[in-house]
(Lines of atoms letter the chains of each structure in order from A and count residues from 1; the text may use other names and numbers.)
(Lines give C-alpha, C1' and ligand atoms only; values in the text may rest on other atoms or scores of the structure.)
Protein backbone atom coordinates (compact mmCIF):
# COMPACT_ATOMS: atom_id res chain seq x y z
CA UNK A 1 0.00 0.00 0.00
CA UNK A 2 1.14 3.56 -0.58
CA UNK A 3 2.22 5.93 2.18
CA UNK A 4 -0.38 6.99 4.73
CA UNK A 5 -1.53 10.58 4.16
CA UNK A 6 -3.12 12.24 7.19
CA UNK A 7 -5.89 14.80 7.03
CA UNK A 8 -4.95 18.19 8.51
CA UNK A 9 -7.81 17.89 11.01
CA UNK A 10 -6.27 14.65 12.33
CA UNK A 11 -3.59 16.48 14.31
CA UNK A 12 -6.14 18.72 16.05
CA UNK A 13 -8.42 15.74 16.70
CA UNK A 14 -5.54 13.81 18.30
CA UNK A 15 -4.67 16.73 20.58
CA UNK A 16 -8.34 17.18 21.56
CA UNK A 17 -8.83 13.49 22.34
CA UNK A 18 -11.42 12.90 19.60
CA UNK A 19 -10.01 9.44 18.84
CA UNK A 20 -9.53 6.48 21.16
CA UNK A 21 -7.41 4.57 18.68
CA UNK A 22 -7.34 1.27 20.56
CA UNK A 23 -10.94 1.47 21.78
CA UNK A 24 -13.01 3.05 19.01
CA UNK A 25 -14.16 1.19 15.89
CA UNK A 26 -11.96 2.16 12.95
CA UNK A 27 -13.12 1.53 9.40
CA UNK A 28 -11.90 1.77 5.82
CA UNK A 29 -14.15 3.42 3.22
CA UNK A 30 -13.40 3.43 -0.50
CA UNK A 31 -13.55 6.35 -2.92
CA UNK A 32 -12.46 7.16 -6.43
CA UNK A 33 -12.32 10.91 -5.71
CA UNK A 34 -9.09 12.32 -4.25
CA UNK A 35 -9.74 13.37 -0.64
CA UNK A 36 -8.92 16.98 0.18
CA UNK A 37 -6.48 16.61 3.08
CA UNK A 38 -6.70 20.34 3.86
CA UNK A 39 -10.48 20.58 4.27
CA UNK A 40 -11.97 17.10 4.76
CA UNK A 41 -12.52 16.21 8.40
CA UNK A 42 -15.42 13.73 8.55
CA UNK A 43 -16.75 10.84 6.48
CA UNK A 44 -19.52 12.96 4.95
CA UNK A 45 -16.77 14.94 3.16
CA UNK A 46 -15.77 11.80 1.23
CA UNK A 47 -17.58 10.67 -1.93
CA UNK A 48 -17.68 6.92 -1.41
CA UNK A 49 -17.98 4.49 -4.30
CA UNK A 50 -21.48 3.25 -5.11
CA UNK A 51 -23.06 0.75 -2.75
CA UNK A 52 -22.96 -2.14 -5.20
CA UNK A 53 -21.00 -5.24 -6.07
CA UNK A 54 -20.34 -6.09 -2.44
CA UNK A 55 -19.41 -2.62 -1.20
CA UNK A 56 -21.52 -1.34 1.68
CA UNK A 57 -21.63 2.38 2.52
CA UNK A 58 -19.14 3.04 5.30
CA UNK A 59 -16.80 0.26 4.24
CA UNK A 60 -15.31 -2.41 6.48
CA UNK A 61 -14.04 -2.53 10.06
CA UNK A 62 -10.34 -2.74 10.87
CA UNK A 63 -10.24 -5.72 13.24
CA UNK A 64 -7.92 -6.14 16.23
CA UNK A 65 -6.74 -2.54 16.53
CA UNK A 66 -4.27 -1.77 19.29
CA UNK A 67 -1.81 0.96 20.21
CA UNK A 68 1.66 0.04 21.41
CA UNK A 69 4.43 2.38 22.52
CA UNK A 70 8.17 1.97 22.23
CA UNK A 71 10.07 4.90 23.72
CA UNK A 72 8.51 8.08 22.34
CA UNK A 73 6.77 6.39 19.40
CA UNK A 74 3.21 5.03 19.44
CA UNK A 75 2.11 2.62 16.72
CA UNK A 76 -1.45 1.81 15.73
CA UNK A 77 -1.75 -1.76 14.48
CA UNK A 78 -4.67 -3.77 13.13
CA UNK A 79 -5.59 -6.50 10.69
CA UNK A 80 -5.47 -5.87 6.95
CA UNK A 81 -8.88 -5.12 5.43
CA UNK A 82 -10.06 -7.15 2.43
CA UNK A 83 -12.94 -6.16 0.17
CA UNK A 84 -14.39 -8.93 -2.02
CA UNK A 85 -16.53 -8.05 -5.02
CA UNK A 86 -19.81 -9.90 -5.51
CA UNK A 87 -20.35 -8.06 -8.80
CA UNK A 88 -18.93 -4.88 -10.29
CA UNK A 89 -17.38 -2.72 -7.53
CA UNK A 90 -15.86 0.66 -8.22
CA UNK A 91 -14.01 2.20 -9.79
CA UNK A 92 -11.94 2.91 -6.69
CA UNK A 93 -8.54 4.43 -5.98
CA UNK A 94 -8.36 5.66 -2.37
CA UNK A 95 -8.80 3.83 0.94
CA UNK A 96 -9.88 6.19 3.73
CA UNK A 97 -9.36 5.43 7.44
CA UNK A 98 -11.92 6.93 9.82
CA UNK A 99 -13.30 6.58 13.36
CA UNK A 100 -16.79 5.06 13.18
CA UNK A 101 -17.51 5.46 16.91
CA UNK A 102 -17.85 9.25 17.00
CA UNK A 103 -21.11 10.66 15.62
CA UNK A 104 -19.42 12.80 12.94
CA UNK A 105 -17.10 9.93 11.90
CA UNK A 106 -13.81 11.88 11.95
CA UNK A 107 -11.20 11.04 9.32
CA UNK A 108 -7.65 9.98 10.11
CA UNK A 109 -5.98 9.56 6.73
CA UNK A 110 -5.93 7.75 3.44
CA UNK A 111 -3.86 5.73 1.00
CA UNK A 112 -3.68 6.29 -2.77
CA UNK A 113 -3.28 3.11 -4.82
CA UNK A 114 -2.00 5.24 -7.74
CA UNK A 115 -4.68 4.45 -10.32
CA UNK A 116 -8.36 3.59 -10.40
CA UNK A 117 -9.46 -0.03 -10.60
CA UNK A 118 -12.83 -1.71 -10.99
CA UNK A 119 -13.36 -5.05 -9.28
CA UNK A 120 -15.50 -7.81 -10.72
CA UNK A 121 -17.08 -10.84 -9.09
CA UNK A 122 -14.65 -12.58 -6.70
CA UNK A 123 -11.92 -9.95 -7.22
CA UNK A 124 -10.32 -8.74 -4.00
CA UNK A 125 -8.90 -5.40 -2.92
CA UNK A 126 -6.82 -5.61 0.25
CA UNK A 127 -5.61 -2.68 2.31
CA UNK A 128 -2.28 -3.99 3.63
CA UNK A 129 -0.98 -1.99 6.57
CA UNK A 130 2.44 -3.55 7.00
CA UNK A 131 4.08 -3.25 10.44
CA UNK A 132 1.63 -0.54 11.54
CA UNK A 133 -1.34 1.45 10.29
CA UNK A 134 0.25 4.69 11.47
CA UNK A 135 3.04 5.80 13.74
CA UNK A 136 3.13 8.87 15.99
CA UNK A 137 6.29 10.28 17.50
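Residue numbers (our numbering): 2 to 138. Virtual Cβ for every residue (Gly too), placed ideally from N, Cα, C. Since the structure is predicted, the reported quantities are computational estimates derived from the model, not experimental observations.
- Secondary structure note for residue 85: its beta strand (DSSP E) is the uninterrupted segment 82-85.
- Each residue's CA atom was taken as its position, placing residue 69 and residue 22 some 10 Å apart.
- The shortest CA-to-CA distance from residue 112 to any of 57, 40, 30 is the one to 30.
- Contact between residue 126 and residue 84 holds: their C-beta atoms lie close to 5 Å from each other, under 8 Å.
- Separation of the CB atoms of residue 49 and residue 32 is rounded to 6 Å, and the pair is thereby assigned contact status at 8 Å.
- Residue 11 sits buried, since 16 or more C-beta atoms from the chains shown fall within 10 Å of its C-beta.
- Residue 129 carries a coil assignment under DSSP once its states are collapsed to helix, strand and coil.
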